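Engineer: Pasting a structure below so you can have a look.
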């Protein structure tokens, strides 16, 4: 009769699986500790940056409150031109036109095309008459 080897029994396989799980858990615990440490460092860095930004904001507010103003531009590239834009007005098509503009618009090629595409005027037929 052949006896089962101790290495192939169910108990030994279970011990190996538990050992593997313990190794995985220890690696995960180490990784979690590193992540928590990094998160604490990031939080401290954010607090420092928040304090620095708040200090800069208050400094700017204090400087802008002075009579001299300190509102100078660094370069001329930041200055916006005061020329009117060449864009068309949003309400241009909604507002009535002046008579001069209307005459120009009626004689344009586009307006002639639109007039030629209009549907014919419907004529009313008197009641009781035959075609």
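In our numbering, the protein residues as written are 477 to 607. Every residue gets a Cβ at the ideal spot worked out from N, C-alpha and C, and that includes glycine. Model, not experiment: these values are computed from the prediction.
Taking DSSP as the reference, what is the three-state secondary structure of residue 584?
Structural biologist: If DSSP states are grouped into helix, strand and coil, residue 584 belongs with coil.
Engineer: Can you tell me where the alpha helix (DSSP H) with residue 486 in it begins and where it stops?
Structural biologist: 486 to 540
Engineer: Note down, in chain order, each residue of its chain lying with its Cβ closer than 7 Å to the Cβ of residue 537, except the 5 sequence neighbours on either side.
Structural biologist: none
Engineer: Measuring only the C-alpha atoms, how far is residue 526 from residue 534?
Structural biologist: 12 Å
Engineer: For a test of the three-state rule: what should DSSP assign to residue 591, helix, strand or coil?
Structural biologist: The answer is helix: DSSP assigns residue 591 an H, G or I state.
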